[in-house]
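Chemist: Start counting the sequence shown at 1; every next residue gets the next number (UniProt numbering).
Yeah, the Cβ is synthetic: ideal placement off N, Cα and C, and Gly gets one too.
All figures in this text were calculated on a predicted structure; none of them were measured in a lab.
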Amino acid sequence: MTDIPLSMTFKSEKQWPLLFDYRAGAVFVEKWNSHFPEQQVESLWQINDIEEDLFGELYDALEIDKHTQIGGYGYFTQSDPRTCESLQHYTELLFQLDSYYGDEDYQILWGDSGVGNFFATKEQLKYLDFAKCLYSWDCC
């Protein structure tokens with residue numbers, strides 16, 4: 001395989017917060033605890049400990065396919081780095097490049113099938129100041 005330039009085409013789509021987004025977990029936990037008071041959880045991932053099959057069904061129903069995108073909510077193969085309080089002001093996903101492989105002509109691979117994300121603050125986006133964006137990549 002040789003290094004070749006690639007172009008991308010994007011289309012506008014609606015997207016809801018993904019389970020991996022640091023903001024989604026708190027909302028989901030609140031709803032879960034109000035509907036299942038006998039099985040209170042502090043973290044979204046504790047549901048997996050309570051009922052693994054149910055968690056799998058919830059995950060499948062609420063997650064969309066990971067993909068390369070501009071804007072929207074980021075996908076992470078491990079965890080959202082913005083769970084760290086000092087990074088939570090980076091709310092705007094600028095660009096996400098997902099791994100792509102299987103095509104004979106080209107591959108994009110972050111480690112072992114990961115994803116790369118670039119985030120900005122609302123202020124940075126407003127002033128088109130991308131000098132100090134948050135960059136993150138992780139892999140399986």
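1. Going along the chain, which residues of its own chain have a beta-carbon closer than 7 Å to the beta-carbon of G111, five neighbours each way excluded?
2. Would the beta-carbon of G102 fall within 7 Å of that of W137?
3. From which residue to which residue does the alpha helix (DSSP H) around residue 142 run?
4. Whole angstroms is fine: what's the gap from L134's alpha carbon to V41's?
5. If F20 sits next to F76, beta carbons under 8 Å apart, how far is it from one beta carbon to the other, in whole angstroms?
6. Quick check: Y90 and F119, are their CB atoms within less than 7 Å of each other?
Modeler: Let me spell this out:
1. C139
2. no
3. Absent from the model: residue 142. The displayed extent of the chain is 1 to 140, so no value can be given.
4. 30 Å
5. 4 Å
6. yes
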